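Written below as C-alpha cells is the structure these notes are about.
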Amino acid sequence: MKVVLLTKAAVPNVTAVRIDPKTGTLVREGVPLMINPWDRDAAEFALRLKDRYGGTVMALSMAPPAGKDALESLMGMGVDEAVLVSDRVYAGADTLATAYTLAKAIEKFAPDFDVVVAGEETTDSTTAHVGAQVASWLGIPYIYYAIDAEVNGRSLLVRRYLEDEGLIETYEIDMPVLVSVQKGSQVPRDISLVRKLEAKGRVKTFSNSDLGLPAECVGLRGSPTIVAKVFEAKLPQRKGELFEGPPDEAARWLAAKLREVGVV
Amino acid sequence: MSQQNICPEWPEIRREEYRGVYVYAEHDGNSLKDVSLELIGKARQLAVDLDGAEVAAIIIGGTDAMARELVETGADRVIRIVGEGLETYNPVRYSMAIAQVLDKYRPEIVLIGGTKRGRELAAYIANTLKTGITADCTELEIDKASRDLIAIRPTFGGNVLAGIRCPQRRPQMASVRPGVFPKPSRDPTRRGEVISERVDVQDGRMRLVAVERKVERDVADLPPVEKADVVVVGGRGLGSADGFHLLVELARALNGTIGASLMAVRAGWAPHTRQVGQTGKTIRPRVYIGVGVSGAVQHIVGMLESKVIIAINTDRNAPIFRYVDYGVVGDYKEIIPRLIELVKAAPKPTPTEKQPV
Numbered sequence: 001m002k003v004v005l006l007t008k009a010a011v012p013n014v015t016a017v018r019i020d021p022k023t024g025t026l027v028r029e030g031v032p033l034m035i036n037p038w039d040r041d042a043a044e045f046a047l048r049l050k051d052r053y054g055g056t057v058m059a060l061s062m063a064p065p066a067g068k069d070a071l072e073s074l075m076g077m078g079v080d081e082a083v084l085v086s087d088r089v090y091a092g093a094d095t096l097a098t099a100y101t102l103a104k105a106i107e108k109f110a111p112d113f114d115v116v117v118a119g120e121e122t123t124d125s126t127t128a129h130v131g132a133q134v135a136s137w138l139g140i141p142y143i144y145y146a147i148d149a150e151v152n153g154r155s156l157l158v159r160r161y162l163e164d165e166g167l168i169e170t171y172e173i174d175m176p177v178l179v180s181v182q183k184g185s186q187v188p189r190d191i192s193l194v195r196k197l198e199a200k201g202r203v204k205t206f207s208n209s210d211l212g213l214p215a216e217c218v219g220l221r222g223s224p225t226i227v228a229k230v231f232e233a234k235l236p237q238r239k240g241e242l243f244e245g246p247p248d249e250a251a252r253w254l255a256a257k258l259r260e261v262g263v264v
Numbered sequence: 001m002s003q004q005n006i007c008p009e010w011p012e013i014r015r016e017e018y019r020g021v022y023v024y025a026e027h028d029g030n031s032l033k034d035v036s037l038e039l040i041g042k043a044r045q046l047a048v049d050l051d052g053a054e055v056a057a058i059i060i061g062g063t064d065a066m067a068r069e070l071v072e073t074g075a076d077r078v079i080r081i082v083g084e085g086l087e088t089y090n091p092v093r094y095s096m097a098i099a100q101v102l103d104k105y106r107p108e109i110v111l112i113g114g115t116k117r118g119r120e121l122a123a124y125i126a127n128t129l130k131t132g133i134t135a136d137c138t139e140l141e142i143d144k145a146s147r148d149l150i151a152i153r154p155t156f157g158g159n160v161l162a163g164i165r166c167p168q169r170r171p172q173m174a175s176v177r178p179g180v181f182p183k184p185s186r187d188p189t190r191r192g193e194v195i196s197e198r199v200d201v202q203d204g205r206m207r208l209v210a211v212e213r214k215v216e217r218d219v220a221d222l223p224p225v226e227k228a229d230v231v232v233v234g235g236r237g238l239g240s241a242d243g244f245h246l247l248v249e250l251a252r253a254l255n256g257t258i259g260a261s262l263m264a265v266r267a268g269w270a271p272h273t274r275q276v277g278q279t280g281k282t283i284r285p286r287v288y289i290g291v292g293v294s295g296a297v298q299h300i301v302g303m304l305e306s307k308v309i310i311a312i313n314t315d316r317n318a319p320i321f322r323y324v325d326y327g328v329v330g331d332y333k334e335i336i337p338r339l340i341e342l343v344k345a346a347p348k349p350t351p352t353e354k355q356p357v
C-alpha cells in the first residue's frame, strides 16, 4: 500500500516566541525550528501500516528549506521517501491554502496513494484544520483521533478515541482515506542516525514552478483568513498575596481567604 | 479585489447576501452540548453589533425539546436537518449536510463548539464552502464598519493572541472550546421558528461499525471539572495518586470538584475528562485551587479566567505563583488536612447565585 505522511517540518519552538513590544509583531528570528512533535505519532502510525501490509511511506511537507532536516529525521525513522515543497509564494498561507498546496502535491507526487496520515495538530497553531481540509480538497473521506488501523480488503478499519466522550469508535472506510492520528497515542520508534545520515541529499525539493499552482490559490493570496493583529496575552490583575509559614498558620490563612471569597 | 485575482477554485460570492449568526448545535441524542448553548449566547451578543441580525441554530436530528431549549436560550430560528444517512454521526456526511444548509441560508457567521467532533467537522465544512475558519477562539468581536468578525485566539502556546479576520469570504467561521463563554439562562417566554430541512447526502464511503466505552476510572464521584464553583486541581507535585484522595476530601468539603494537570493525567492519577488546560478543559470557576501544579502556560490558559486563583506549592519559584490571588508556599500534605478541618468546622455559607464572569 502507498501511504503519504503529512508533516509540518519546521514549527517554531513555541516557548521561545515573543512579541516585539515596539512593533507588535512576532519575533521569530533566532527561534529554533523543529518537527511538529505530534507528527512523530503520525509517522509511527504510517510506518506500522507499512510494517504490516508492505508498500511505501512518502513524507510530504510544505515548509521553508530548513524543513529538510526534519524530513531526514523521518527517513531515519524508516520513511522511504520525502518531498519538500518550498517556495516564497507559499509564505503566509492559512490552513486552507496550506491544505490546497499539500493536496495538489499529493496528486502530483503520489496520485496512487491509499492512505494519507496526518498528526492531530501542530504545536504552534494547534488548529487541527489541515487534515480535514486536505481530505476536502482531495474529495476523500477522513477520520480524526485515530489510535490504530487495519486493512480489510479495500477498506481501512480505523479505531478512534473521543476523549471528551470517553468513546472508542470503529469506522470502516473505503480507501483512499485521510487519517489524522491522536497525539500521544503511539510510541514513536527511534530515529536511526545511520539511516538519517543515509537520507542526506535524498529529500526531494520542489518549488511552485514544479507544481505550477496559480499564485492566487497559494500563500497569503490563497488564504481567506488574515492575521489582523497580534498582541501579548494580557493577564488579569491578581492580588498576588503569598504566604510562607508553618502549616497550621498557612491553613488558617487560606481558610480565612476562602471565607472572604464566600465559599466557606 | 476583482474576481480575476481570486483563486478560481473559490466560487464567486456576494458578501452582502450573507446575513445572520448561526450556531451548529451538537447533541448526543439525549441532550445538547453545553458549548452549543454557550455559543447561542455569544451569537446573540454579536447580533447586536450587526444591527440585530438573526441568530439561528443548525441541528442534525435532535428532539423538539432541544429545539425549544435553543429558542429559549436565544435562537430566533432552529433549522433541523433530517435525511437518510444522518441517523448516526459520520464526519463526511455531517459536514456535507451542514455545508449544504449553510450554502442555502448564507449566514455571515458560523460558530461551532470545539468538541472533538466539532473540531473534526469545522474545517471540512469551511473547506467545502471555500471560506476561512479560526480555531479555538477565546473572544469574538465585530468590526461594525465592515461587519467583519474578529476572531481572537491564543497561538504559540498561549503567549500570544492573534486577531483573525476573513474579509473576502462568507460565512466567517470560528470554533470555540467548551466553557469559554458563559451559558445563558433560559427564557421560557422566548419564541422562535423551527424549520425542518431535508438534506440528501449520498456517501457510503465510511461506516460506523462499533462503539465501545473506554473504561477510565474516575478519582471520585464528583461533578465534571467544568461544572463546579470550586475546583481543586492536582499536578505533578502531588507525587502520587494517593495525593488525590486528600484533594477529593477538600473538594467535597468545599462543595467543589477535582481537576488535574496534563502531567497528573499522563501519570495516570486522574482521567482525561478532568484535565484542565490547552489540551483539556477550559474552566472558569469562582475559585481555582492548584495543588502541586507548576503552572505551565498550557495549563494556565485553561484556568486564567477563574475568579479567584489559589495555589499551594513547595517551590516558591513555581510559575503558577505569578498568576495567583493567594499563594501558599508549603507542603500540601501538612496544610490540606488542617484546612479541611477548618472548612468543615465553619458554618455553611448561604448559597449564592453563580455570577457570570
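Those protein sequence lines, which keep their order, are chains A and B. For the first sequence, the working numbering begins at 1 and goes up steadily by one. For the second sequence, the working numbering begins at 1 and goes up steadily by one. From the three backbone atoms N, C-alpha and C, an ideal C-beta is built for every residue, glycine too. Here the structure is a predicted model, which means the values were calculated and not measured.
Only T123, D124, S125, T126, T127, A128, H129, V130, G131, A132, Q133 from the region 120-134 of chain A bring a Cβ to less than 8 angstroms from some Cβ of chain B. Separation of the CB atoms of A70 (chain A) and G119 (chain A) is rounded to 12 angstroms, and the pair is thereby denied contact status at 8 angstroms. Proximity to V101 (chain B) across B:L129, B:T115, B:E87 peaks at B:L129, based on C-alpha coordinates. The beta carbon of A93 (chain A) does not come within 8 angstroms of any beta carbon belonging to chain B, so the residue lies off that interface. Interface flag for L342 (chain B) against chain A is set, since a Cβ pair is found closer than 8 angstroms.
With respect to A251 (chain B), V343 (chain B) sits apart: the two C-beta atoms are not nearer than 8 angstroms.
Rounded to whole angstroms, the Cβ separation of E226 (chain B) and G118 (chain B) is 15 angstroms, and the two are not in contact under 8 angstroms.
In the DSSP annotation of this structure, the continuous segment of the alpha helix (DSSP H) that includes A250 (chain A) starts and ends at 247-261. Using a CB distance cut-off of 8 angstroms, F113 (chain A) does not count as an interface residue toward chain B. Counting only runs of 3 or more residues that sit fully inside the region 305-336 of chain B, the beta strand (DSSP E) segments are 308-313, 326-329, in chain order. When C-beta distances to chain B are compared with 9 angstroms, the residues of the region 165-188 of chain A below that value are E165, G166, L167, I168, E169, T170, Y171, E172, I173, D174, V177, S180, K183, G184, in chain order.
Of the candidates A:V27, A:A233, A:K50, A:M75, A:M75 places its Cα closest to the Cα of I35 (chain A).
CA-to-CA, the gap between F109 (chain A) and F244 (chain B) works out to about 52 angstroms. Annotated as distal: G280 (chain B) and A311 (chain B), with beta-carbon spacing of 8 angstroms or more. With fewer than three CB-CB distances shorter than 8 angstroms, the region 174-189 of chain A does not count as touching the region 208-220 of chain A.
According to the DSSP secondary-structure assignment, R207 (chain B) is paired through a beta bridge with A:E172. If you ignore the 5 residues before and after P37 (chain A), its C-beta comes within less than 7 angstroms of the C-beta of T123, all in its own chain and listed in chain order. The three-state reading of DSSP puts V203 (chain A) in coil, since its state is none of H, G, I, E or B. Taking a beta-carbon distance threshold of 8 angstroms, Y142 (chain A) counts as an interface residue toward chain B. With respect to the 8 angstroms criterion, K200 (chain A) and E81 (chain A) are not classified as neighbours on the basis of their beta carbons.
Taken through DSSP and simplified to helix, strand or coil, F181 (chain B) comes out as coil. Linking K144 (chain B) to D49 (chain B) through their CA atoms gives a straight-line distance of about 6 angstroms. Under the criterion of beta carbons closer than 8 angstroms, I283 (chain B) and V231 (chain B) qualify as touching, at roughly 6 angstroms.
If you check the CB distance, E69 (chain B) and L111 (chain B) do not come in under 8 angstroms. Collapsing the DSSP output to three states places Y89 (chain B) in coil. Taking the beta carbon of Y145 (chain A) as reference, the chain B residues within 8 angstroms of it are K116, E120, listed in sequence order.
With distances taken between CA atoms, P285 (chain B) lies nearest to B:A228 out of B:A228, B:K42, B:R207. As computed with DSSP, G67 (chain A) is found in no beta bridge at all.
If you draw a straight line from the Cα of R93 (chain B) to the Cα of L60 (chain A), it is about 28 angstroms long.
Rounded to whole angstroms, the gap between the alpha carbons of E141 (chain B) and R338 (chain B) is 46 angstroms. For N208 (chain A), the three-state secondary structure derived from DSSP is helix. For Y142 (chain A), the uninterrupted beta strand (DSSP E) run begins and ends at 142-152, by DSSP.
Counted as a single uninterrupted DSSP element, the beta strand (DSSP E) harbouring T56 (chain A) occupies residues 56-62. Cβ-Cβ separation between V115 (chain A) and M58 (chain A): approximately 11 angstroms, too far for a contact (criterion under 8 angstroms). When DSSP states are grouped into helix, strand and coil, L222 (chain B) belongs to the coil group. Sorting B:R15, B:P347, B:S95, B:D331 by C-alpha distance to the C-alpha of L258 (chain A) places B:P347 at the top.
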